[in-house]
Amino acid sequence: MAKMKDEKTKKLSEKLLVKKEHTATVEPGSVNLAKEFCEGYKQYLDAGKTEREAAKAACVLLEKAGYKPWVPGGKLKAGQKIYVLHRNKAVLAATIGKQDLAAGAKISVAHIDSPRLDLKPNPLYESDSLAYFKTHYYGGVRKYQWVTIPLSMHGVVVKSDGESVEISLGEKPGEPQFTITDLLPHLSAEQNKRTLAEGIKGEELNILVGSLPFDDPDAKDAVKLETMRLLNEKYGIVERDLVRAELEFVPAHHAADIGFDGGLVGAYGQDDRVCAYTALMAEIGTKAPQRTTVCVLADKEETGSDGNTGLASAFVFHFLEDLAEAQGVNPRRMYAASECLSADVSAAYDPSFPEPFERRNCAYINQGVALNKYTGARGKGGTSDASAEFVGKITNLLDAEKVEWQMSEMGKIDAGGGGTVAKFVANYNIDVLDIGVPVLSMHSPFELTSKLDVYSTFKAFEAFNKAP
27 MAKMKDEKTK KLSEKLLVKK EHTATVEPGS VNLAKEFCEG YKQYLDAGKT EREAAKAACV
87 LLEKAGYKPW VPGGKLKAGQ KIYVLHRNKA VLAATIGKQD LAAGAKISVA HIDSPRLDLK
147 PNPLYESDSL AYFKTHYYGG VRKYQWVTIP LSMHGVVVKS DGESVEISLG EKPGEPQFTI
207 TDLLPHLSAE QNKRTLAEGI KGEELNILVG SLPFDDPDAK DAVKLETMRL LNEKYGIVER
267 DLVRAELEFV PAHHAADIGF DGGLVGAYGQ DDRVCAYTAL MAEIGTKAPQ RTTVCVLADK
327 EETGSDGNTG LASAFVFHFL EDLAEAQGVN PRRMYAASEC LSADVSAAYD PSFPEPFERR
387 NCAYINQGVA LNKYTGARGK GGTSDASAEF VGKITNLLDA EKVEWQMSEM GKIDAGGGGT
447 VAKFVANYNI DVLDIGVPVL SMHSPFELTS KLDVYSTFKA FEAFNKAP
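This is the structure in structure tokens:
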């Protein structure tokens, strides 16, 4: 009798209650698939350490898959694969559906910028026989994490004659790298009194770039001069050109497998290139969809999505309107019928730092793609709150396609918070839900993701694109 009662209770629990499980337990065959998928992902991370490089790497993958550059006004037909590189910092790709855009588009949006150190307009100076670059950090960084690690230099310099020079230095074996110094523990008594947030101050993020003088004992600022001479010799630039430059310093290490089992990816820039890559690969794999699929890789999310390459601008919506007009469809009708997955990472629960997490409502490593009905901070400020109908539609789709997923929040209500681009999409009367990969050590120079979660996210985009 007791056994029958236990069995009945077990069945009722399985029917009524949520059970959180490791994806490898639920889908044993997914481990090898996830590891294989992440080999390409790691290559993408190493190829695209800045928004420009990530956009360029995406275009390479798109062209290899048969996508063609598209100019507004061009004809569109079902199955056609097109893309647009926007100002070298954002990418829009689409597969034209069997139905015209009056039926709406299936839109996936991610961002390809990441926290980093940008150079100030007049960066180069010499102090006590050492040459430095002054920086202005970009996005939300914990400044103490960026000292005493190897850095590489990336970006573009526009010379006085209008020529653009692309720079990537410190990634290949044998190339020089750069770093920011810190005090030794023996002399850091005063520094130790600072709060963690001010352990390293913004004006102390000075990158050491030279130590040898120009070969002339009478030269003024000889180390600075020698540094500039080497830059001129290699790239043909002068100090004034640095005012016109976009130069970014990022961690010089490459993506790596983490753990004895190799179940995690460790790399810089996974927020949000992990969602960018998974959305892009799902778009590339889309064949003959019922509705047009659109993948957007945008810039500037880490600083509020402002500027003409961020989602607060109209470039994405102009692209969508151009597609609608090419089919003779009213853009407003298209927007109202469209659906969007706003792809951005979620904070993964960290057992070493449990305090800011609300354990019933946070994302966990290895439990699948994380869905966020809303983001924002405290009283849901600055967020798009997805409707029950749209959340139900997406979660039922994921269940039907056997995609592991979990619903999450960023952390405890008053612990802080974070935003995504969802609100900018929602402003156009488009149904939108936040979706992404849980990340450990988010915004650090070396972030961690689960390969199983990365693969689950790809499967989620894949299911979304092929659904009617």
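Each step along the sequence shown adds one to the number in the numbering used here, with nothing skipped, and position 245 is 271.
Built from N, CA and C at the ideal position, the CB exists for glycine as well.
- Contact between Ala373 and Met468 holds: their C-beta atoms lie close to 6 angstroms from each other, under 8 angstroms.
- In the DSSP secondary-structure assignment, Met433 is bridged to Leu397.
- Burial of Thr304 is indicated by the presence of at least 16 other C-beta atoms within 10 angstroms of its C-beta.
- Counted as a single uninterrupted DSSP element, the beta strand (DSSP E) harbouring Ile133 occupies residues Lys132 to His137.
- For Pro464, the enclosing beta strand (DSSP E) has its first and last residue at Pro464 to Leu466.
- For a cut-off of 8 angstroms, the C-beta gap from Ala278 to Lys68 is around 15 angstroms, too long to register as a contact.
- Contact between Leu150 and Thr161 does not hold, since the beta-carbon distance rounds to 12 angstroms and is not under 8 angstroms.
- Excluding its 5 nearest sequence neighbours in each direction, Ile420 has C-beta neighbours in its own chain below 6 angstroms: Leu459, listed in chain order.
- If only complete runs of 3 or more residues are kept, the stretch 343-385 shows the beta strand (DSSP E) at 365-369, in order along the chain.
- DSSP lists Lys94 and Ala120 as the bridge partner or partners of Ile108.
- Minimum Cα-Cα distance from Lys103 among the listed residues Ala340, Tyr93, Gly66 and Gln353 corresponds to Gln353.
- Residue burial annotation: Ala340 is exposed, with fewer than 16 other C-beta atoms found within 10 angstroms of its C-beta.
- Cβ-Cβ separation between Glu430 and Gly394: approximately 3 angstroms, consistent with a contact (criterion under 8 angstroms).
- Put simply, the stretch 360-368 does not touch the stretch 379-394. Fewer than three CB pairs are less than 8 angstroms apart.
- Per DSSP, reduced to three states, the secondary structure at Cys388 is coil, with no helix or strand assignment.
- Assignment of beta strand (DSSP E) within the stretch 239-324, counting only whole runs of 3 or more residues, yields 272-277, 282-284, 290-293 and 319-324 in chain order.
- Taking a contact to require three or more Cβ pairs closer than 8 angstroms, the stretch 175-186 and the stretch 306-319 do not qualify as touching.
- Residue environment analysis places Met30 among the exposed positions, since fewer than 16 neighbouring C-beta atoms fall within 10 angstroms of its C-beta.
- By the Cβ criterion, the stretch 74-91 is not in contact with the stretch 50-57, since fewer than three pairs of Cβ atoms, one from each stretch, lie closer than 8 angstroms.
- Thr253 counts as buried, since no fewer than 16 other beta carbons sit within 10 angstroms of its beta carbon.
- Runs of the beta strand (DSSP E) lying entirely within the stretch 154-212, each at least 3 residues long, are 156-164, 177-184 and 190-195 in chain order.
- In the DSSP annotation of this structure, Glu415 is not part of any beta strand (DSSP E); the continuous alpha helix (DSSP H) holding it starts and ends at Ala414 to Ala426.
- Counting along the chain, Leu59 sits inside no beta strand (DSSP E); it lies in the alpha helix (DSSP H) bounded by residues Ser56 to Ala73.
- Looking at the DSSP output, Glu152 sits in a beta bridge with Ala157.
- In the DSSP annotation of this structure, Leu102 is not part of any alpha helix (DSSP H), being labelled neither H nor E.
- Around the CB of Pro199, fewer than 16 other CB atoms lie within 10 Å, so the residue is classed as exposed.
- When the five nearest sequence neighbours on each side are left out, the beta carbons in the same chain lying within less than 7 angstroms of the beta carbon of Phe484 are those of Phe63, Thr304, Met307 and Ala308, in order along the chain.
- Around the beta carbon of Gly405, fewer than 16 other beta carbons lie within 10 angstroms, which makes this residue exposed.
- Between the beta-carbon of Leu367 and that of Phe487 there is about 7 angstroms, and that keeps the pair under the 8 angstroms contact cut.
- When secondary structure is reduced to three states using DSSP, Leu231 falls in the coil class, being assigned neither helix nor strand.
- When only Cα atoms are considered, Trp96 and Ala120 end up about 10 angstroms apart.
- Contact between the stretch 341-349 and the stretch 111-129 is present: 3 or more CB-CB pairs across the two stretches fall below 8 angstroms.
- With respect to the 9 angstroms criterion, Asp325 and Glu77 are classified as neighbours on the basis of their beta carbons.
- In the DSSP assignment, Ile456 is bridged to no other residue.
- In the structure shown, Arg113 adopts coil according to DSSP, grouped into three states.
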